[in-house]
Amino acid sequence: MSRNLNNQPSTSTFDRLARPRNLLLLGLLLLGLWLGRKGWRLYQVAQSLQQHQTTAETLLANGPANIDPQAAADLVANLRTDFTTAHNEIRIFTPLFPYFGWTPTVGPLLEATPHLLTMADAGSRAATLAANNLGPALTLLQSDSPQPPLPELVNLLATNQATLAQLEGELNIIVTARNQIDNTDDLPWRVMTLLQQFDQLLPLAQDGLALGQAAPHILGHDAPRTYLILAQNEDERRATGGFISGVGLITINNGDIISIDFQDANFVIDLTQPYEFPPQPYYDFMGLELFVFRDANFWPDFPTSANKAMELYAYTWQTETDGVIAIDQTFVQQLVCALGTVNIPDLNMTINCNNTLAQIRQAYAQAEEGENAYTVITERKSFMGPLAQALQDKLFADFASLDLLNLAQILHRTAEEHHLQLHFRDPQATIALDKTGWNNRLIAQPNQDTLAVIDSNMGFNKVNLLVNRALNYNVTLFPDGSGQANLAIQYTHTSPPRPDPCDQGLPTYTTGLTYEQLIDDCYWNYFRIYTPPNTQLLNASQHTAPGTAFLSGQPWAAPANSITNDPSGLHLITNFLLLRYGETVTTEYNYTLPPTIVTTNADNNHYRLTVHKQAGSAADPLQLTITLPPNTKLLNAIPTPTTITNNTIQYNLDLATDLTFDIIYQ
């Protein structure tokens, strides 16, 4: 056998060593080419998306109502293609991205990328679905006809119920992915801005899809619908917003308004028939002995009060209705703000965003001296009817020129703030309203804390314009999941202090009182505090009022009361106070909370609280303090607290809408 005298490897040995190296180099080369190809395709997609953004901005430049339907459909199709390409190119890497969240600068984006891709994928699917099936709606909305194409739109919605359900499913996928992104402020500016825009429009989209599925039922696609319209005056606070001063009757057939008529709520009474005794507080504080239509909104749960209003209306006029729409002065003002200037020819009057409230209040002013009650009530009707007709004419006369997105946002905001409330008998409509909260339902919810403070003006006046309210709610949680609450409610009468006595004397329509005089009065406030079932009241403030302050002549000196059989299923604490001119009064309550307010599992504890905003009220200041049990650690708090000190979480907010708080700890 020969030997290599220079100790060099044989050719076969060299080949054996070189082969793996060559394969490695070849593999790296192929990997580089593969990555380069993906990078190039992603670069092309990025360039295309930038072009699409420019196209979208151009399409939206003149408002949604002027979008070219075909151009919009093409844009959606191109976006779907690009998002699908990007998702396919990057899919193999997405499971690795969260592990690189530590990377400087780009780490937060890498961590969020899988969720962003899910949002983009579901969003482009939804956009394609909407363009293919609901695209004709855009053409209908751009019609030159002076009348809105409501019947055609209702028919389109009715035939696309499956599409709307699919869109709702895609939106749920998007929301789930969005909720996984909690480092929004660390993302690139463009991505952060898009997410902020998404967050702003999300509630409108969710409510729109839910109501869109119920719209054919609500708008009379299968049969005409007749609804009551309750005109509530929030200057005289009642449980669902304000005193029912007027009532309308509107009939809709497949989207077309067949008729609409208004009258003063005082006319909805037939004294030839017997009426039931009213809820006890109406008798105790106002001396009322009949439960009539104008007082139907006693319960803050709007469906309960709405059903009572329909019952009492039918009792008087033998007219069955399919639901109730409640509006207040703030809603009318916001609607006018969306429409611009509104002319009321019958009254030779023009209203706008700035003078609407003044004109409404002037219409409700008392008669000049010598006029009788019937004349004044008739004048009220003569204002509400022409106002409703003028608003309808403004909406329908030049429908194509309306900013529909702005109008939808105003309707959504006023519904969230409970200046607009809806209740329908139709079961599918009820499901939609429960989803959106537009029915302002107040009922017991399992496994959570609840707080609602509901005022009712028992003084025959409009003093709520002068009364401010602030809430301070402190909750201490215990290891067993129960808690103890302290609630302080501060009422402030903003008029200058003066020694004038408070006189509940019922105003008449022949004394020449002005609206301003009805405002300038004391506040007879019967109020209710709604808390979770099985709450135990420990102690409460007690307030007194002299007999001279009441029509009955009877003084008030009763303590706060607990009620356990309220229709809401919630525990109820009731009380009364008389707020004098320029006075500030704080009323305070201590009570235990049941263990059911905290949900406990193997990993953590979850305390959930919903604070309900009273319909018709302003955005009351709310200070909320939550103290966790000893030796526990806060894991998450939604929304972000104002301050966190040790185990104490504090919020300082304005109660403009219902607010829900989620506190997770271990």
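All the letters of the sequence shown, read from the start, carry residue numbers 1 to 666 under this note's numbering.
Every residue, glycine too, gets a C-beta built ideally from N, C-alpha and C.
Buried or exposed: which applies to N440, given that a residue is buried once 16 or more other Cβ atoms fall within 10 Å of its Cβ?
By 1-based counting over the sequence shown, the position of residue 440 is 440. Buried is the call here.
Are D503 and Y581 closer than 9 Å when you measure CB to CB?
In the sequence shown, the residue the question calls residue 503 occupies position 503. In the sequence shown, the residue the question calls residue 581 occupies position 581. It is not a contact, given that the beta carbons lie outside the stated cut-off.
At what residues does the alpha helix (DSSP H) containing M724 begin and finish?
Because the chain in this structure spans residues 1 to 666, residue 724 falls outside the shown range and cannot be described.
In the DSSP output, which residue or residues are listed as bridge partners for E152?
Along the sequence shown, read from residue 1 onward, the residue named residue 152 stands at position 152. Note: E152 is not bridge-paired with any residue in the DSSP secondary-structure output.
For L357, which option in F298, Q280, E234 has the closest C-alpha, if you only look at C-alpha atoms?
By 1-based counting over the sequence shown, the position of residue 357 is 357. Here the closest residue by C-alpha is E234.
Can you tell which of T414, V76, R178 has its C-alpha closest to the C-alpha of A131?
Start at 1 with the first residue of the sequence shown, and residue 131 comes out as number 131. Of the listed residues, the one whose Cα sits closest to A131 is V76.
So, with DSSP's three-state summary, where would you put R441?
In the sequence shown, counting from the first residue as 1, residue 441 sits at position 441. Coil at R441, not helix or strand.
Provide the residue span of the beta strand (DSSP E) that contains R528, from first to last.
Taking the first residue of the sequence shown as 1, we reach residue 528 at position 528. First-last of the beta strand (DSSP E) with R528: 523-531.
Tell me whether the beta-carbon of T660 lies closer than 9 Å to the beta-carbon of L609.
On the sequence shown, position 660 is the one that residue 660 refers to. On the sequence shown, position 609 is the one that residue 609 refers to. Yes. Within cutoff.
Which one of L335, Q333, P279 has the shortest CA to CA distance from K308?
What you label residue 308 is simply residue 308 of the sequence shown in a count that begins at 1. Checked all of L335, Q333, P279; the closest Cα to K308 is P279.
Note down the Cα distance separating T514 from I327, rounded to an integer number of angstroms.
Numbered from 1 along the sequence shown, position 514 holds the residue referred to as residue 514. Numbered from 1 along the sequence shown, position 327 holds the residue referred to as residue 327. Cα-Cα distance, rounded: 23 Å.
Roughly how many angstroms lie between the CA atoms of D264 and D295, to the nearest whole one?
By 1-based counting over the sequence shown, the position of residue 264 is 264. By 1-based counting over the sequence shown, the position of residue 295 is 295. Taking the straight line from one Cα to the other gives about 13 Å.
Per the contact definition of three or more C-beta pairs closer than 8 Å, is the segment 181-197 in contact with the segment 104-123?
Counting Cβ pairs under 8 Å, three or more are found: they touch.
Please state whether DSSP places W317 in a helix, a strand or coil.
In the sequence shown, the residue the question calls residue 317 occupies position 317. W317 falls in the helix class under three-state DSSP.
What ranges does the beta strand (DSSP E) occupy inside the segment 452-514, keeping only unbroken runs of at least 3 residues that lie completely in it?
For the segment 452-514, whole beta strand (DSSP E) runs of length 3 or above, ordered along the chain, are 467-477, 483-493.
Pull up the CB-CB distance for L138 and A72, whole angstroms please, since I reckon it's below 8 Å.
Mapped onto the sequence shown, residue 138 falls at position 138. Mapped onto the sequence shown, residue 72 falls at position 72. Correct: roughly 7 Å between the Cβ atoms.
Could you name the residues of the same chain whose beta carbon sits closer than 6 Å to that of N461, not counting the 5 residues immediately before and after it, in chain order?
If you number the sequence shown from 1, residue 461 lands on position 461. The answer, listed in chain order, is L518, D521.
DSSP has Y665 in a bridge; who is on the other side?
Sequence index remark: in the sequence shown, residue 665 carries index 665 (1-based). Bridge partners of Y665: N605, L634.
If we ignore side chains and look at the alpha-carbon of each, how far apart do H423 and I229 end up?
On the sequence shown, position 423 is the one that residue 423 refers to. On the sequence shown, position 229 is the one that residue 229 refers to. Going by the C-alpha atoms only, they are around 11 Å apart.
Measuring alpha carbon to alpha carbon, tell me which of W189, E236, D256, L249 ends up nearest L219.
Translated into the one-based positions of the sequence shown, residue 219 becomes position 219. If we check each option's Cα against that of L219, D256 comes out closest.
Could you have a look at G679 and say whether DSSP puts it in helix, strand or coil?
Coverage of the chain is limited to positions 1 through 666, which leaves residue 679 absent and any answer about it impossible.
Here's the rule: buried if 16 or more other CB atoms are within 10 angstroms of the residue's CB, otherwise exposed. What is P673?
The first residue shown for the chain is 1 and the last is 666, placing residue 673 beyond what the model contains.
Mark S143 as exposed unless 16 or more other C-beta atoms lie within 10 angstroms of its C-beta, in which case mark it buried.
If you number the sequence shown from 1, residue 143 lands on position 143. The residue is exposed, with fewer than 16 neighbouring Cβ atoms inside 10 Å.
Report the rounded CA-to-CA distance for L42 versus L195, giving the unit in angstroms.
Locating residue 42 in the sequence shown gives position 42, where the first residue counts as 1. Locating residue 195 in the sequence shown gives position 195, where the first residue counts as 1. Low confidence applies here, because L42 scores a pLDDT of 48, under 50, leaving its location unreliable and the question unanswered by this model.
Sorted by chain position, which residues of the same chain lie with C-beta nearer than 6 Å to Q542's C-beta, five sequence neighbours on each side aside?
As a position in the sequence shown, residue 542 is number 542, starting the count at 1. Same-chain partners within the cutoff: P559.
Please list, in chain order, all residues of the same chain as T596 whose beta carbon is under 6 Å from its beta carbon, the five residues on each side excluded.
Here residue 596 corresponds to residue number 596 of the sequence shown, with the count starting at 1. Answer for T596: N447, listed in chain order.
As an exercise, report each continuous alpha helix (DSSP H) stretch of at least 4 residues that is fully enclosed by the segment 255-292, in chain order.
280-286
Whose C-beta lies closer than 6 Å to the C-beta of D186 among residues of the same chain, with five residues either side of it excluded?
One-based indexing of the sequence shown puts residue 186 at position 186. Cβ neighbours of D186 beyond the five flanking positions: P108.
Mind listing, in chain order, the continuous alpha helix (DSSP H) runs of no fewer than 4 residues lying wholly within the segment 390-449?
404-416, 427-436
Grouping DSSP H, G and I as helix and E and B as strand, with all else coil, what is L169?
In the sequence shown, residue 169 corresponds to position 169, counting from 1. What sits at residue 169 in the sequence shown is Gly, not Leu. Note: G169 maps to helix in three-state DSSP.
Name the DSSP beta bridge partners of M349, please?
Along the sequence shown, read from residue 1 onward, the residue named residue 349 stands at position 349. Its beta-bridge partners are I344.
State the Cα-Cα distance for the pair N534 and F262, rounded to the nearest angstrom.
As a working note, residue 534 is residue 534 in the sequence shown. As a working note, residue 262 is residue 262 in the sequence shown. N534 and F262: Cα-Cα distance of roughly 44 Å.
To the nearest angstrom, how far is the alpha carbon of T642 from that of V332?
The sequence position of residue 642 within the sequence shown is 642, counting from 1. The sequence position of residue 332 within the sequence shown is 332, counting from 1. Cα to Cα, the separation comes out at about 34 Å.
Return the CA-CA distance between L209 and L167, expressed in angstroms with no decimal places.
Position 209 of the sequence shown, counted from the start, is the residue given in the question as residue 209. Position 167 of the sequence shown, counted from the start, is the residue given in the question as residue 167. So the alpha carbons of these two residues sit roughly 8 Å apart.
Could you check which residue in L551, T85, I174, P546 has the C-alpha nearest to that of A557?
Your numbering for residue 557 matches position 557 in the sequence shown. The shortest C-alpha separation from A557 is found at P546.
Do A470 and T492 have their C-beta atoms closer together than 9 Å?
The count along the sequence shown starts at 1 and reaches residue 470 at position 470. The count along the sequence shown starts at 1 and reaches residue 492 at position 492. In contact: A470 and T492 (Cβ atoms closer than 9 Å).
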